Structure formats: structure tokens, C-alpha cells
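With my numbering as the guide, the letters of the sequence shown map in order to residues 2 to 169. Below is one structure; the comments refer to it alone.
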Amino acid sequence: VSRGSSSLRCRRLPSRLSIDFKVEGHRCYKEKKFREAIGKYHRALLQLKGVHVVDGTTGSEGQPESTEIECYDSLTACLLQSELVNYERVKEYCLKVLSHQRDHFKAMYRAGIAFYHLGDYECALRYLRDAKNREPTDTNVLRYIQLTEMKMSKSGQRERESGKETQG
């Protein structure tokens with residue numbers, strides 16, 4: 002009996018640790034210790050990987066998946082607070098969140114921001130419009146849509162002007 006319970010305890014330990022790291026990450030974020038928070042969220046994700054290795058699951062149990070989504074969502078919030086934002090990583094983490102929760106407002110919005118700063122204005126606009134559909138009055142979303150449309154019209158204007166130069 003004790004062998005079975007210790008095996009069960011080993012299985013739960015990484016999951017419990019992942020939640021503890023996630024909570025510590027939230028605390029660090031609230032204290033504006035973003036680098037420290039990033040480390041905590043990454044450790045939580047590593048613990049979750051351990052859960053899947055130990056029990057042979059792929060994260061379909063609910064609790065580990067929701068913890069994973071929260072960690073990736075929180076990581077994007079931290080990364081966007083960085084002095085030098087890694088928009089490629091923000092995009093990657095937002096897409097991970099959206100692969101689990103397609104209607105996740107913050108992930109849509111942040112993916113739009115990431116694509117905008119990476120220069121992919123069409124993708125940025127798609128994600129930002131999806132976010133606007135969820136929260137039609139969010140001023141940040143509306144502002145980024147406006148910025149994106151301005152960039153798109155400027156790049157379209159440049160393309161037309163360069164087309165005239167090659168013809169002329």
C-alpha cells in the first residue's frame with residue numbers, strides 16, 4: 002500500500018511544484034521583478050514537463066494544461082515589460098496559448114503586438130481584429146489597429162511609388 006501511495010505522491014509533486022513556481026512568478030510580476038518572474042514561470046513549465054514524463058500524459062488532464070496556459074500568458078506579459086522585447090518569443094508563447102484557447106483575448110492582443118513589431122502587419126491586423134471582436138471598446142487594441150493600418154497604408158504607398166520609379 003505504501004509503495005503505491007509514494008508513487009502517486011511522486012506523480013503529484015512536479016504538478017504541485019509547478020503551481021508553486023507559477024504563484025511565485027505572479028508575486029514577482031506584481032512586484033515588477035519581471036526577470037525573476039520569467040525564471041519562475043519557466044521553472045513551472047519545466048516542472049509540468051516532468052509531470053508529463055512521470056505519468057505519461059500529454060497534458061490533457063486539465064490542471065497541468067491550465068497552469069501551462071497561465072504560465073505562457075504570464076510570460077508574454079513579462080516579456081512585453083522588458084527593456085529589449087523579444088517579439089519573436091512573445092509571438093511563440095501567444096500562439097501556444099491560442100492553440101489551447103482560441104478565444105484568449107490577451108493572447109490575441111499580444112500576438113497582434115508581436116506581429117506588428119516583427120513587421121508582419123497582415124497577421125498583426127488579423128489578431129488585433131480578433132481581439133477587437135472579443136473586446137470592442139479596448140482602447141489599446143483600437144490604437145494598435147490604427148497603427149497597423151497606418152503602417153500598411155504607408156508600405157502600400159511606398160510600393161506604389163517604387164513601382165512608378167521602375168516604370169518611369
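Ideal Cβ positions, reconstructed from N, Cα and C, are used throughout, including at glycine. Given the structure is predicted, the values throughout are model-derived calculations rather than measurements.
| Asked | Found |
| --- | --- |
| Over the uninterrupted alpha helix (DSSP H) stretch that includes Gly120, give me the two end residues. | Per DSSP, Gly120 belongs to no alpha helix (DSSP H) and is neither H nor E. |
| Pull up the distance between the alpha-carbon of Phe116 and that of Glu25, whole angstroms please. | 29 angstroms |
| On the criterion of 16 or more Cβ atoms from any shown chain inside 10 Å, does Glu62 qualify as buried, or is it exposed? | At Glu62 the pLDDT is 48, less than 50, meaning the model places this residue with poor confidence; the figure from the coordinates comes in the next sentence. By the neighbour-count rule (16 or more Cβ atoms within 10 Å), Glu62 is not buried but exposed. |
| Closer than 7 angstroms by C-beta to Leu85: which residues in its own chain qualify, once you throw out the five before and the five after it? Chain order, please. | none |
| Got a sec, what are the start and stop residues for the alpha helix (DSSP H) His101 sits in? | Tyr88 to His101 |
| When the Cα of Tyr128 is compared with those of Asp74, Gly157, Lys41 and Phe106, which residue comes out closest? | Phe106 |
| Nearest to Glu123 by alpha carbon, out of Thr140, Tyr145, Glu66 and Gly40? | Tyr145 |
| According to DSSP, simplified to helix, strand and coil, what is Asp171? | Nothing can be reported for residue 171: it is not among the residues displayed for the chain, which extend from 2 to 169. |
| What does the Cβ neighbour count give for Met109, buried or exposed, with the cut at 16 atoms within 10 Å? | buried |
| Determine whether the beta carbon atoms of Ala112 and Leu99 lie at a separation below 9 angstroms. | yes |
| Answer yes or no: do Glu136 and His101 have a C-beta to C-beta separation smaller than 9 angstroms? | no |
| Only counting the same chain, and skipping five residues up and downstream in sequence, which positions put a Cβ closer than 6 angstroms to that of Asp21? | none |
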